[in-house]
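Data first, discussion second: the structure below is written as C-alpha coordinates.
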Amino acid sequence: MRKIVAELFSTLDGVVEGPEKWHGPFHDDEVDGAVMAGMDEADALLVGRRTYEDHAAYWPTADGAMADRMNAFQKYVVTSSDVRLEWANSTPLSGLDEVTGLDGTLLVTGSPTLVRGLLARGLLDELRLVVDPVVAGSGGRLFEAPAAFERAACREFPSGSVSITYRPVR
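The structure is reproduced here in C-alpha coordinates:
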(Lines of atoms letter the chains of each structure in order from A and count residues from 1; the text may use other names and numbers.)
(Lines give C-alpha, C1' and ligand atoms only; values in the text may rest on other atoms or scores of the structure.)
Protein backbone atom coordinates (compact mmCIF):
# COMPACT_ATOMS: atom_id res chain seq x y z
CA MET A 1 0.00 0.00 0.00
CA ARG A 2 1.21 3.49 -0.84
CA LYS A 3 0.67 6.72 1.09
CA ILE A 4 1.90 10.08 -0.20
CA VAL A 5 2.38 12.93 2.26
CA ALA A 6 3.56 16.38 1.14
CA GLU A 7 5.15 18.75 3.64
CA LEU A 8 5.87 22.35 2.74
CA PHE A 9 6.67 25.59 4.50
CA SER A 10 4.23 28.37 3.64
CA THR A 11 3.65 32.04 4.35
CA LEU A 12 0.27 33.47 5.34
CA ASP A 13 -0.26 34.53 1.74
CA GLY A 14 0.40 31.01 0.43
CA VAL A 15 3.95 31.39 -0.87
CA VAL A 16 5.78 28.05 -0.70
CA GLU A 17 8.83 28.63 -2.88
CA GLY A 18 12.01 30.13 -1.47
CA PRO A 19 11.49 29.40 2.26
CA GLU A 20 15.16 30.21 2.85
CA LYS A 21 14.11 33.84 2.37
CA TRP A 22 11.46 33.96 5.12
CA HIS A 23 11.39 30.77 7.22
CA GLY A 24 14.56 31.37 9.27
CA PRO A 25 13.11 33.46 12.14
CA PHE A 26 10.42 30.82 12.75
CA HIS A 27 12.66 27.79 12.47
CA ASP A 28 13.29 26.38 15.94
CA ASP A 29 13.82 23.06 17.72
CA GLU A 30 10.08 22.39 18.02
CA VAL A 31 9.47 22.93 14.31
CA ASP A 32 12.51 20.73 13.58
CA GLY A 33 11.08 18.05 15.89
CA ALA A 34 7.75 18.06 14.07
CA VAL A 35 9.48 17.86 10.69
CA MET A 36 11.67 14.99 11.94
CA ALA A 37 8.59 13.15 13.24
CA GLY A 38 7.11 13.34 9.74
CA MET A 39 10.37 12.11 8.26
CA ASP A 40 10.44 9.19 10.67
CA GLU A 41 7.02 8.06 9.39
CA ALA A 42 8.28 7.97 5.80
CA ASP A 43 9.91 5.12 3.91
CA ALA A 44 11.22 7.22 1.03
CA LEU A 45 11.48 10.75 -0.30
CA LEU A 46 9.62 11.82 -3.45
CA VAL A 47 10.68 15.10 -5.05
CA GLY A 48 10.71 16.99 -8.30
CA ARG A 49 13.94 17.73 -10.12
CA ARG A 50 14.41 21.32 -8.89
CA THR A 51 13.87 20.37 -5.26
CA TYR A 52 16.18 17.41 -5.76
CA GLU A 53 18.91 19.70 -7.07
CA ASP A 54 18.47 22.07 -4.09
CA HIS A 55 18.52 19.19 -1.61
CA ALA A 56 21.46 17.45 -3.30
CA ALA A 57 23.49 20.66 -3.11
CA TYR A 58 22.88 21.00 0.64
CA TRP A 59 22.18 17.77 2.53
CA PRO A 60 25.18 15.58 1.62
CA THR A 61 27.54 17.96 3.47
CA ALA A 62 25.17 18.97 6.29
CA ASP A 63 25.45 17.66 9.85
CA GLY A 64 22.90 16.44 12.37
CA ALA A 65 20.04 14.00 12.68
CA MET A 66 17.94 15.62 9.95
CA ALA A 67 20.86 15.50 7.50
CA ASP A 68 21.51 11.87 8.40
CA ARG A 69 17.86 11.01 7.71
CA MET A 70 17.74 12.94 4.43
CA ASN A 71 20.93 11.28 3.22
CA ALA A 72 19.74 7.79 4.21
CA PHE A 73 16.35 8.05 2.48
CA GLN A 74 15.63 6.23 -0.75
CA LYS A 75 14.96 9.21 -3.01
CA TYR A 76 12.62 9.13 -6.02
CA VAL A 77 12.96 12.05 -8.41
CA VAL A 78 10.13 12.82 -10.83
CA THR A 79 11.74 14.46 -13.84
CA SER A 80 11.27 14.79 -17.57
CA SER A 81 14.90 15.88 -17.92
CA ASP A 82 17.92 13.69 -18.45
CA VAL A 83 19.66 14.55 -15.18
CA ARG A 84 22.51 12.88 -13.31
CA LEU A 85 21.39 11.84 -9.85
CA GLU A 86 24.57 11.70 -7.81
CA TRP A 87 23.09 11.96 -4.31
CA ALA A 88 23.08 8.51 -2.67
CA ASN A 89 20.01 6.29 -3.07
CA SER A 90 18.44 8.39 -5.85
CA THR A 91 16.23 6.91 -8.56
CA PRO A 92 14.68 8.83 -11.47
CA LEU A 93 11.00 8.47 -12.34
CA SER A 94 9.85 9.66 -15.75
CA GLY A 95 6.42 10.73 -14.56
CA LEU A 96 3.54 10.32 -12.16
CA ASP A 97 2.55 6.98 -13.70
CA GLU A 98 5.70 5.50 -12.16
CA VAL A 99 4.74 6.89 -8.74
CA THR A 100 1.65 4.68 -8.70
CA GLY A 101 3.88 1.60 -8.66
CA LEU A 102 5.75 2.62 -5.50
CA ASP A 103 4.97 1.20 -2.06
CA GLY A 104 5.25 2.54 1.46
CA THR A 105 4.91 6.06 2.80
CA LEU A 106 6.42 8.62 0.46
CA LEU A 107 7.30 12.07 1.80
CA VAL A 108 7.25 14.96 -0.64
CA THR A 109 9.31 17.93 0.52
CA GLY A 110 8.93 21.22 -1.31
CA SER A 111 8.23 20.37 -4.95
CA PRO A 112 5.05 22.45 -5.44
CA THR A 113 4.76 21.46 -9.11
CA LEU A 114 4.89 17.79 -8.14
CA VAL A 115 2.36 18.34 -5.33
CA ARG A 116 -0.06 19.99 -7.78
CA GLY A 117 0.31 17.02 -10.14
CA LEU A 118 -0.23 14.48 -7.37
CA LEU A 119 -3.30 16.37 -6.17
CA ALA A 120 -4.77 16.62 -9.68
CA ARG A 121 -4.42 12.86 -10.14
CA GLY A 122 -5.85 11.98 -6.73
CA LEU A 123 -2.53 10.54 -5.54
CA LEU A 124 -1.89 12.90 -2.60
CA ASP A 125 -3.10 11.51 0.73
CA GLU A 126 -2.01 14.28 3.11
CA LEU A 127 -0.79 17.85 2.86
CA ARG A 128 1.17 19.19 5.83
CA LEU A 129 1.73 22.92 5.76
CA VAL A 130 3.97 24.64 8.29
CA VAL A 131 2.57 28.16 8.02
CA ASP A 132 4.85 30.94 9.20
CA PRO A 133 3.39 34.24 10.46
CA VAL A 134 4.78 36.33 7.64
CA VAL A 135 3.51 37.67 4.32
CA ALA A 136 6.00 37.28 1.47
CA GLY A 137 4.07 39.50 -0.91
CA SER A 138 5.26 37.60 -3.96
CA GLY A 139 6.61 34.21 -4.91
CA GLY A 140 5.49 30.80 -6.04
CA ARG A 141 2.24 29.63 -4.55
CA LEU A 142 1.10 26.04 -4.13
CA PHE A 143 -2.39 26.20 -5.61
CA GLU A 144 -3.33 27.21 -9.13
CA ALA A 145 -6.76 25.55 -9.18
CA PRO A 146 -9.58 25.07 -6.68
CA ALA A 147 -9.17 22.20 -4.23
CA ALA A 148 -11.01 21.11 -1.09
CA PHE A 149 -9.45 19.67 2.05
CA GLU A 150 -10.48 18.53 5.50
CA ARG A 151 -8.31 19.29 8.52
CA ALA A 152 -6.78 16.21 10.14
CA ALA A 153 -4.47 17.83 12.71
CA CYS A 154 -3.16 21.18 13.86
CA ARG A 155 -0.23 22.15 16.08
CA GLU A 156 0.96 25.57 17.20
CA PHE A 157 4.61 26.40 17.89
CA PRO A 158 6.04 29.08 20.21
CA SER A 159 7.72 30.67 17.17
CA GLY A 160 4.28 31.59 15.84
CA SER A 161 4.28 28.94 13.13
CA VAL A 162 1.40 26.49 12.84
CA SER A 163 1.56 22.99 11.36
CA ILE A 164 -1.71 21.99 9.74
CA THR A 165 -2.33 18.55 8.25
CA TYR A 166 -5.05 18.35 5.62
CA ARG A 167 -6.51 15.47 3.64
CA PRO A 168 -7.89 16.09 0.16
CA VAL A 169 -11.65 15.74 -0.12
CA ARG A 170 -12.24 13.21 -2.89
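With UniProt numbering applied, the sequence shown closes on residue 170, and no number is skipped along the way. No residue lacks a Cβ here, since even glycine has one placed at the ideal position from N, Cα and C.
Report yes if the CB atom of residue 7 is closer than 7 Å to the CB atom of residue 109, and no otherwise.
For the purposes of this step, residue 7 is identified with residue 7 of the sequence shown, where counting begins at 1. For the purposes of this step, residue 109 is identified with residue 109 of the sequence shown, where counting begins at 1. Yes, the Cβ-Cβ distance between residue 7 and residue 109 is below 7 Å.
For the alpha helix (DSSP H) holding residue 153, just list the boundary residues, first then last.
For the purposes of this step, residue 153 is identified with residue 153 of the sequence shown, where counting begins at 1. Unbroken run through residue 153 is the beta strand (DSSP E), 149-156; no alpha helix (DSSP H).
Residue 61, enclosing beta strand (DSSP E) - first and last residue:
On the sequence shown, residue 61 is found 61 positions in, with the first residue counted as 1. Counting along the chain, residue 61 falls outside any beta strand (DSSP E), and DSSP gives it neither H nor E.
Which residues does DSSP pair with residue 6 in a beta bridge?
The residue labelled residue 6 in the question sits at position 6 within the sequence shown. Per DSSP, 108 and 127.
Anyone know if the C-beta pair for residue 96 and residue 10 falls short of 7 Å?
On the sequence shown, position 96 is the one that residue 96 refers to. On the sequence shown, position 10 is the one that residue 10 refers to. No, the pair does not count as a contact, with Cβ atoms beyond the cut-off.
Environment of residue 78 [buried if 16+ CB atoms lie within 10 Å]:
To locate residue 78, count along the sequence shown from 1; it is residue 78. That one is buried.
Assuming the contact rule is C-beta atoms closer than 8 Å, residue 147 and residue 119 should be a hit. Round their C-beta distance to whole Å, please.
For the purposes of this step, residue 147 is taken as the residue at position 147 of the sequence shown. For the purposes of this step, residue 119 is taken as the residue at position 119 of the sequence shown. The pair is a contact, with the Cβ atoms about 6 Å apart (cut-off 8 Å).
Which stretch, first to last residue, makes up the beta strand (DSSP E) that contains residue 85?
Residue mapping note: residue 85 aligns to position 85 of the sequence shown, counting from 1. Counting along the chain, residue 85 falls outside any beta strand (DSSP E), and DSSP gives it neither H nor E.
Are the Cβ atoms of residue 173 and residue 13 separated by less than 7 Å?
Nothing about residue 173 can be read from this structure; the chain reaches only from 1 to 170.
Answer yes or no: do residue 165 and residue 126 have a C-beta to C-beta separation smaller than 7 Å?
Sequence index remark: in the sequence shown, residue 165 carries index 165 (1-based). Sequence index remark: in the sequence shown, residue 126 carries index 126 (1-based). Closer than 7 Å, so yes.
Quick test of the definition: if touching needs 3 or more C-beta pairs under 8 Å, does the segment 53-65 touch the segment 148-158?
no
Near residue 75, which residues of its chain fall below 6 Å by C-beta distance, leaving aside the five closest residues on each side in sequence?
Reading the sequence shown from its first residue, position 75 is the one you call residue 75. Correct list, in chain order: 45, 89 and 90.
Among 70, 100 and 86, the one whose alpha carbon lies nearest that of residue 171:
Lying before the first or after the last residue shown, residue 171 is absent from the chain, which here runs from 1 to 170.
If you reduce the DSSP assignment to three classes, tell me which class residue 165 lands in.
The sequence position of residue 165 within the sequence shown is 165, counting from 1. Reduced to three states, the DSSP call for residue 165 is strand.
Taking 7 Å as the threshold (C-beta atoms), are residue 15 and residue 141 in contact?
Locating residue 141 in the sequence shown gives position 141, counting from the first residue. Locating residue 15 in the sequence shown gives position 15, counting from the first residue. Closer than 7 Å, so yes.
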